[in-house]
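The opening residue of the sequence shown carries number 1 in full-length UniProt numbering; numbering runs sequentially from there. Just so you know, even glycine gets a beta-carbon here, dropped at the ideal spot from N, CA and C. Let me begin by presenting the structure, written as structure tokens, before commenting on it.
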Amino acid sequence: MFELESKTIQNSDGAAYQLLIVSGDLGIATIGQLKNDLLSALQSHDHVILDMAAVTDVDYSVLQLLCSANKYAQKYGKHFQIKGQCTEAFIDRAQSLGFFRDQACNEAEDPMKCLWIPENLT
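This is the structure:
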């Protein structure tokens with residue numbers, strides 16, 4: 001079962017960011033809701049962090065959505081991060097589908113913000 005919790009957090013320097021905490025299985029059945037939640041957060045906030053530490057399964061459609069959300073954020077001068085994606089479910093799926101790479105794709109606005117470069121994993 002997919003669940004999402006949204007919190008506005010202030011960091012130590014006073015800047016606010018939106019934290020989206022997702023849990024459960026993320027797949028084609030949940031992609032529409034996740035897309036709407038991500039888009040709403042990115043339209044309303046300059047900095048969005050998606051915490052995936054409690055995700056138990058993820059499929060190809062979700063990985064594509066995360067890439068699209070990152071491209072959207074870069075296009076509109078926003079900051080999008082994924083936290084907790086180093087779970088076994090996430091790593092196994094992303095690796096088996098060939099998402100991890102040594103350099104950003106040609107479509108990246110800012111190659112240093114690519115979600116799939118190992119140095120960018122948190």
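Could you give the distance in angstroms between the alpha-carbon of P111 and the alpha-carbon of Q103? Taking the straight line joining both Cα atoms gives about 7 Å.
Residue interval of the alpha helix (DSSP H) (run including Y60): Start and end: 60-75.
Beta-carbon proximity of A94 to V58, cut-off 9 Å: The Cβ atoms of A94 and V58 sit closer than 9 Å to each other.
Are the beta-carbon atoms belonging to L50 and K83 less than 9 Å from one another? Yes, the Cβ-Cβ distance between L50 and K83 is below 9 Å.
Have a look at the DSSP bridge pairing and note the partners of residue 125. Since the first and last residues shown for the chain are 1 and 122, residue 125 lies out of range.
So for Q18, helix, strand or coil by DSSP? Correct three-state label for Q18: strand.
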